[in-house]
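Undergrad: Provided herewith is a single structure, encoded as structure tokens, for subsequent inquiry.
Here is the structure:
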């Protein structure tokens with residue numbers, strides 16, 4: 015299968031490395047230098063910074079060949095999506111699009127696309143891009159996939175990796191997986207930025223843990239999704255399983271990039287406003303991250 019991946023960041027390279035072992039992968043990059051390195055040397059995959067694999071992949075600077083794919087996986091930050099919309103609208107409507115973004119604010123954008131099939135996904139893996147062609151797979155999780163629009167047999171048609179370290183889990187209802195991921199991101203990402211710590215410290219430090227619980231209560235009041243205790247424990251499990259990981263938002267802060275705080279907490283604040291809910295801890299965390307982002311950029 016011809017798999018096009020838009021975005022050469024950590025997630026784009028991670029997908030390219032695993033899917034590229036069984037499929038013809040093309041990475042579409044924003045920089046010519048990155049495309050050149052991938053074409054010359056392939057994607058280098060480090061698994062927990064130890065074992066290394068090199069996977070051959072095609073790479074293109076810009077959008078040349080983007081309409082020749084059997085599926086397109088869009089692996090860019092949510093705030094980069096608006097500038098891609100005109101390009102995606104030009105893609106033949108029969109080519110399925112799969113979106114991998116944090117938050118849920120981008121779902122409204124997807125409604126403007128003409129494609130017959132649109133998929134949405136959440137990713138629980140820990141990954142870090144080390145350079146233009148190298149990604150470190152630091153935390154093994156899973157990819158959760160669901161159909162947002164159209165009729166699509168995910169188990170039969172979506173490209174598989176066949177590697178047990180890269181499992182894909184198929185879900186019938188997209189809103190559940192998106193909301194669960196949103197809640198985890200809304201707790202782990204901002205708090206690791208505010209306290210400048212790795213994920214595990216949010217559980218190990220009792221004071222950080224108390225704030226995490228307080229924010230969870232506020233978010234759950236807006237998104238009462240299933241069993242409250244089970245959901246909270248699943249988020250704690252993510253913190254523990256990725257205890258040595260630096261969250262994506264903290265990485266963005268450390269490297270002077272824009273964060274996805276508006277796509278995550280900003281989205282929650284908008285929903286809270288519509289519902290007339292008071293979420294003071296969420297508001298405080300949002301303002302603190304925006305302030306830190308402003309200082310670091």
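Numbering (this note's numbering), first residue to last: 15 to 311.
The beta-carbon is built from N, C-alpha and C at its ideal position, and this holds for glycine as well.
If you run the structure through DSSP and keep just helix, strand and coil, what is residue 157?
TA: Your numbering for residue 157 matches position 143 in the chain shown. Of the three classes helix, strand and coil, the one that applies to residue 157 here is strand, per DSSP.
Undergrad: Can you tell me the Cβ-Cβ gap for residue 30 and residue 61, rounded? I've got them flagged as a contact below 8 Å.
TA: Taking the first residue of the chain shown as 1, we reach residue 30 at position 16. Taking the first residue of the chain shown as 1, we reach residue 61 at position 47. At roughly 15 Å, the Cβ-Cβ gap does not stay under 8 Å, so residue 30 and residue 61 are not in contact.
Undergrad: By the 10 Å Cβ neighbour count, where 16 or more other Cβ atoms means buried, how is residue 89 classified, buried or exposed?
TA: Against the chain shown, residue 89 aligns to sequence position 75. Buried, because 16 or more other Cβ atoms sit within 10 Å of the Cβ of residue 89.
Undergrad: Out of 258, 301, 262, 291, point me to the one whose CA is closest to residue 238's CA.
TA: Indexing the chain shown from 1 puts residue 238 at position 224. Taking only the C-alpha atoms, the option nearest residue 238 is 291.
Undergrad: From the DSSP output, which residues share a beta bridge with residue 40?
TA: By one-based count along the chain shown, residue 40 stands at place 26. Answer is 18, 72.
Undergrad: Using DSSP's beta-bridge definition, name the partner residues of residue 133.
TA: Residue 133 sits at position 119 when you count from the first residue of the chain shown. In DSSP, residue 133 forms a bridge with 112, 161.
Undergrad: Name the DSSP bridge partner or partners of residue 282?
TA: On the chain shown, position 268 is the one that residue 282 refers to. Paired residues: none, contrary to the question.
Undergrad: Find out if the Cβ-Cβ distance for the pair residue 92, residue 117 is shorter than 8 Å.
TA: On the chain shown, position 78 is the one that residue 92 refers to. On the chain shown, position 103 is the one that residue 117 refers to. A contact, by the Cβ cut-off of 8 Å.
Undergrad: For residue 383, count neighbouring C-beta atoms within 10 Å of its own C-beta (all shown protein chains included) and say buried if the count is 16 or more, exposed if not.
TA: Outside the modelled stretch of the chain, which goes from 15 to 311, sits residue 383, for which no answer is possible.
Undergrad: Let's test the definition: count the other Cβ atoms within 10 Å of the Cβ of residue 42 and tell me whether it reaches 16, buried, or not, exposed.
TA: In the chain shown, counting from the first residue as 1, residue 42 sits at position 28. Per the 10 Å Cβ criterion, buried.
Undergrad: In this structure, does DSSP put residue 291 in helix, strand or coil?
TA: Taking the chain shown and counting its residues from 1, the one referred to as residue 291 is at position 277. Three-state result, residue 291: coil.
Undergrad: Inspect the beta-carbon positions of residue 124 and residue 166 and report whether they are closer than 8 Å.
TA: Position 110 of the chain shown, counted from the start, is the residue given in the question as residue 124. Position 152 of the chain shown, counted from the start, is the residue given in the question as residue 166. No, these two residues do not count as a Cβ contact at 8 Å.
Undergrad: Identify which residue in 182, 35, 74, 200 has its Cα closest to the Cα of residue 48.
TA: Locating residue 48 in the chain shown gives position 34, counting from the first residue. Looking at the Cα atoms, 74 is the closest of the given residues.
Undergrad: Between residue 37 and residue 178, how many whole angstroms is the CB-CB distance? I'm expecting something under 8 Å.
TA: Sequence index remark: in the chain shown, residue 37 carries index 23 (1-based). Sequence index remark: in the chain shown, residue 178 carries index 164 (1-based). Not quite, the Cβ-Cβ distance comes to about 17 Å (not below 8 Å), so this is no contact.
Undergrad: Starting from residue 100 and walking both ways along the alpha helix (DSSP H), at which residues does that stretch end?
TA: Working through the chain shown from its first residue, we reach residue 100 at position 86. Counting along the chain, the alpha helix (DSSP H) containing residue 100 begins and ends at 99 to 103.
Undergrad: For residue 120, count neighbouring C-beta atoms within 10 Å of its own C-beta (all shown protein chains included) and say buried if the count is 16 or more, exposed if not.
TA: As a position in the chain shown, residue 120 is number 106, starting the count at 1. Burial call: buried.
Undergrad: According to DSSP, is residue 243 helix, strand or coil?
TA: Position 229 of the chain shown, counted from the first residue, corresponds to residue 243. Here residue 243 sits in helix by DSSP.
Undergrad: Rounded to a whole number of angstroms, what is the C-alpha to C-alpha distance between residue 195 and residue 68?
TA: For the purposes of this step, residue 195 is taken as residue 181 along the chain shown, with counting starting at 1. For the purposes of this step, residue 68 is taken as residue 54 along the chain shown, with counting starting at 1. Distance between the alpha carbons of residue 195 and residue 68: 30 Å.
Undergrad: Smallest Cα separation from residue 10: which of 193, 136, 115?
TA: Residue 10 cannot be examined here, being either before or after the span of the chain that is shown, 15 to 311.
Undergrad: Taking 8 Å as the threshold, find out whether the region 277 to 286 comes into contact with the region 294 to 301 through three or more Cβ pairs.
TA: Contact holds: three or more Cβ-Cβ distances are below 8 Å.
Undergrad: Does the beta-carbon distance from residue 136 to residue 192 come in below 8 Å?
TA: What you label residue 136 is simply residue 122 of the chain shown in a count that begins at 1. What you label residue 192 is simply residue 178 of the chain shown in a count that begins at 1. A contact, by the Cβ cut-off of 8 Å.
Undergrad: In chain order, what residues of the same chain lie with their CB nearer than 7 Å to the CB of residue 310, ignoring the 5 residues before and after it?
TA: On the chain shown, residue 310 is found 296 positions in, with the first residue counted as 1. Answer for residue 310: 267, 270, listed in chain order.
Undergrad: Between residue 110 and residue 85, what straight-line distance do the alpha-carbon atoms span, to the nearest angstrom?
TA: Your numbering for residue 110 matches position 96 in the chain shown. Your numbering for residue 85 matches position 71 in the chain shown. In a straight line, the C-alpha of residue 110 is about 5 Å away from that of residue 85.
Undergrad: Per DSSP, which residues does residue 148 bridge with? Please list them.
TA: Indexing the chain shown from 1 puts residue 148 at position 134. Looking at the DSSP assignment, residue 148 forms a beta bridge with 58, 145.
Undergrad: By the DSSP assignment, the beta strand (DSSP E) with residue 87 in it spans what residues?
TA: Walking along the chain shown from the start, residue 87 turns up at place 73. Residue 87 -> beta strand (DSSP E) spans 85 to 88.
Undergrad: Please classify residue 305: does DSSP put it in a helix, a strand, or coil?
TA: As a working note, residue 305 is residue 291 in the chain shown. Three-state result, residue 305: helix.
Undergrad: In chain order, what residues of the same chain have a beta carbon less than 6 Å from the beta carbon of residue 216, not counting five sequence neighbours either side?
TA: The sequence position of residue 216 within the chain shown is 202, counting from 1. So the list reads 205, 222, 226, 253, once near-sequence residues are dropped.
Undergrad: Would you list the residues sitting across from residue 140 in a DSSP beta bridge?
TA: Position 126 of the chain shown holds residue 140. Beta-bridge pairing links residue 140 to 153.
Undergrad: To the nearest angstrom, how far is it from the Cα of residue 203 to the Cα of residue 141?
TA: Against the chain shown, residue 203 aligns to sequence position 189. Against the chain shown, residue 141 aligns to sequence position 127. Each residue's Cα considered, the two are about 14 Å apart.
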